[in-house]
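In UniProt numbering, the protein residues as written are 1 to 378.
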């Protein structure tokens, strides 16, 4: 009997942080069976690259400064010609454009995972938004299979005619319910620097500080929350282009002493342990893996009814769903949850049940099956 061929995969990702899509990729790298798959990752320098190097994963550092970065395309083309992988799997829009532009004309299977686009998502520049969707449609011709991280993403890609239903598969993000562990040094430093105390009520959020996450609405809600719960604190975990503007807004609202901006944090599970309530106030959200992470850390969740979030949260069962962009409604929901211990415990129990439907094991198995199917079609 012939020995089963190892499938060589080149992952391409332009985001080297440790937020949603990079953590998704890290789960794949960590859990794909080594006997069946050989993995390399092409990405810029950053925390994700550091994590991969610690794991001794074969990495190639390639800056990807824009969606039309011809230098990145040329560098990737050279790598593909040299190493000749079986599959190129791009994660996210920038990497998706660069990787699929680079692979044209090569006998390599192409997979693209869309982590962001839903019906609510828009780039700030309408012309750029239109051009990006047009480019996605064109590059779908060299794409063998698209992965959507939620039905909301899949529905958008089909409705916008980016791809066709037979070329898209929904594979949800997954996490594992891990046992609580000691708070790491980085989190202890945050606690010490900002004078957080065990009796403080901590409202937390995690994500990139961009327009889609709408942290501004949470800050405005926090101003209202403090009038009812003056000992509460807001912990905002993440970095991004709006950081300075959000810090200015906190000062304008006169809540800068109660709003803590931690910057990027590597160990999300550790920082979640200090939170009383987790809030995701997004305007657009493809899936929201931070919701699952909060559930795994036994933190009750409030999130907006957008994108793929209702596929994760059943309102009043494993979380509370509200409409986006309403500081008054968000504040009243936060206050209600903080004042209702029974509801908190109900949502925590429901969260633990929900995680079973979104396991890393299932995500990895479905992705591995997809790779095997593509190779069989050669």
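For every residue, glycine included, the Cβ atom is placed at its ideal position computed from N, Cα and C. Note that this is a predicted model, so its numbers are computed, not measured.
The shortest CA-to-CA distance from residue 176 to any of 377, 146, 246 and 360 is the one to 360. Around residue 211, the same chain offers 124, 242 and 283 as residues with beta carbons nearer than 8 angstroms, after the five sequence neighbours per side are excluded. Of the residues assessed, residue 146 falls on the buried side of the cut-off, its CB having 16 or more other CB atoms within 10 angstroms. Pairing residue 77 with residue 83, the inter-Cα distance amounts to about 10 angstroms.
Residue 377 and residue 107 have their alpha carbons spaced roughly 12 angstroms apart. Closest by C-alpha distance to residue 228, out of 332, 170 and 138, is 332. Judged by DSSP secondary structure, residue 280 falls within the beta strand (DSSP E) whose first and last residues are 277-280. If you ignore the 5 residues before and after residue 66, its C-beta comes within less than 8 angstroms of the C-beta of 94, all in its own chain and listed in chain order. Per the C-alpha coordinates, the member of 370, 315 and 329 positioned closest to residue 346 is 315. Each of 17, 12, 158 and 54 was checked against the Cα of residue 87, and the nearest Cα belongs to 12.
Taken in chain order, the whole alpha helix (DSSP H) runs of length 4 or more contained in the region 9-83 are 20-31, 47-54 and 70-83. Taking the CA atoms as reference points, residue 196 sits about 15 angstroms from residue 277.
Within the same chain, 40 come within 6 angstroms of residue 58 by CB-CB distance, once the 5 residues on both sides are set aside.
Collapsing the DSSP output to three states places residue 294 in a helix. Secondary structure of residue 315 (DSSP, three-state): strand. Residue 188 is classed as exposed because its beta carbon has fewer than 16 other beta carbons within 10 Å across all chains shown.
Beyond the five residues adjoining it in sequence on each side, residue 28 comes within less than 7 angstroms, by CB distance, of 364 and 367 in the same chain, given in chain order.
Within the region 154-200, the complete beta strand (DSSP E) segments at least 3 residues long are 168-170, listed from N- to C-terminus.
Taking the Cα positions, residue 85 is about 48 angstroms away from residue 194.
By the neighbour-count definition (other C-beta atoms within 10 Å, threshold 16), residue 24 is a buried residue. Here residue 284 carries a coil assignment [DSSP, helix/strand/coil]. Residue state for residue 351 is assigned as helix, using DSSP reduced to three classes. Around the Cβ of residue 114, a 10 Å sphere holds 16 or more other Cβ atoms; the residue is buried. Around residue 273, the same chain offers 180, 183, 187 and 297 as residues with beta carbons nearer than 8 angstroms, after the five sequence neighbours per side are excluded. Under the DSSP assignment, residue 263 falls in the beta strand (DSSP E) whose first and last residues are 259-263. Straight across, the Cα-Cα distance linking residue 256 with residue 247 is about 7 angstroms.
Each residue's CA atom was taken as its position, placing residue 271 and residue 265 some 8 angstroms apart. In this structure, the CA atom of residue 168 is about 14 angstroms from the CA atom of residue 89.
When the five nearest sequence neighbours on each side are left out, the beta carbons in the same chain lying within less than 7 angstroms of the beta carbon of residue 137 are those of 161 and 162, in order along the chain.
In the three-state DSSP reduction, residue 113 falls in the strand class (E or B). Here residue 337 has 277, 300, 302, 320, 343 and 344 as same chain residues with Cβ atoms under 7 angstroms from its own Cβ, once five neighbours each way along the sequence are excluded. Residue 234 has 203 and 259 as its beta-bridge partners, per DSSP. Spatial neighbours of residue 122 in its own chain (CB-CB distance under 6 angstroms, excluding positions within 5 residues in sequence) are listed in chain order as 129.
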